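K.L.:
To start, I am sharing the structure in question, which I have written as structure tokens.
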Amino acid sequence: MTNNDILRKLRYTFDITDDQMIKHFANAGKEVSRSEISNWMKKDDDPAYINLVDKNLSYFLNGFIIHRRGKKEGPLPVAESKINNNIILRKLKIALDLKDDEILELLSYADFRLSRHELSAFFRKPTQSKFRKCKDQVMRNFLHGVQIGFKGD
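Numbering (the working numbering), first residue to last: 107 to 259.
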């Protein structure tokens with residue numbers, strides 16, 4: 107899954123307008139234009155399509171967390187320059203205030219089964235022996251489950 111796919115899916119699921127998207131980015135300390143957002147939302151084969159870099163998706167997710175959970179005191183969270191599905195899953199877990207059981211339930215909405223142990227492996231540090239990389243299939247099914255759970259589709 108590309109960063110653009112993830113942003114598109116979140117935008118659709120939570121009915122996020124251009125103005126709200128600009129605000130989410132601004133909440134995390136990143137200024138973006140409406141045309142940038144428009145180009146990120148385009149399909150891959152559109153000539154105006156622009157690839158959403160990891161750092162910009164990280165800014166959006168940090169802003170989404172601030173929008174959903176409120177701003178914490180202190181400095182803004184730092185946007186990671188390199189992110190993966192594990193980091194995205196962790197940020198969405200925080201933003202949506204999900205517990206492990208709720209994540210497993212969302213995955214079940216997409217007919218995807220995962221054990222509690224497999225799920226906890228996604229949230230471990232990469233240096234730990236039980237760490238497991240979150241693959242695109244898991245992310246795709248999680249986002250689909252979130253769509254069903256939060257939007258009802």
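For each residue, glycine too, the CB sits at the ideal point set by N, CA and C. A quick note: this is a predicted structure, and the numbers were derived from the prediction, not measured.
#1: Compare the beta carbon distance of D242 and M147 with 8 Å and say whether it is the shorter of the two.
#2: Starting from the Cα of N168, find the closest Cα among K129, K205, T119 and give me that residue.
#3: Go to N247, then tell me how far its alpha helix (DSSP H) extends in each direction, as first and last residue.
#4: Among L198, S144, K231, C240, which has the Cα closest to the Cα of N191?
#5: Taking 8 Å as the cut-off, decide whether the C-beta atoms of K197 and I171 are in contact.
#6: Comparing alpha-carbon positions, which option in K161, D203, F218 lies nearest I189?
#7: On the DSSP letters alone, give me the boundaries of the alpha helix (DSSP H) that E186 sits inside.
#8: Could you give the first and the last residue of the continuous alpha helix (DSSP H) run that contains K161?
#9: Using the beta-carbon count (16 or more within 10 Å), is G180 buried or exposed?
#10: Closest to V138 by CA distance: which of L158, L212, A154, D151 is it?
#11: Excluding five sequence neighbours on each side, which residues of the same chain lie with their C-beta closer than 6 Å to the C-beta of K115?
#12: Thinking H173 and N145 are a contact (beta carbons under 8 Å), I'd like their distance in whole angstroms, please.
#13: Determine the burial state of F228: buried for a count of at least 16 other Cβ atoms within 10 Å of its Cβ, exposed for fewer.
#14: Can you name, in chain order, every residue of its own chain whose Cβ lies under 8 Å from the Cβ of R140, other than the five neighbours on each side?
#15: Cα-Cα, which of I193, L225, K231 is closest to D206?
#16: How would you write the range of the alpha helix (DSSP H) that S141 sits in, first residue to last?
P.N.:
Here's the rundown:
#1: no
#2: K129
#3: 242 to 257
#4: C240
#5: yes
#6: K161
#7: That residue, E186, is in no alpha helix (DSSP H); it is neither H nor E in DSSP.
#8: 160 to 175
#9: exposed
#10: L158
#11: L249
#12: Wrong, their Cβ atoms sit about 22 Å apart, outside the cutoff.
#13: buried
#14: D124, I128
#15: L225
#16: 140 to 147
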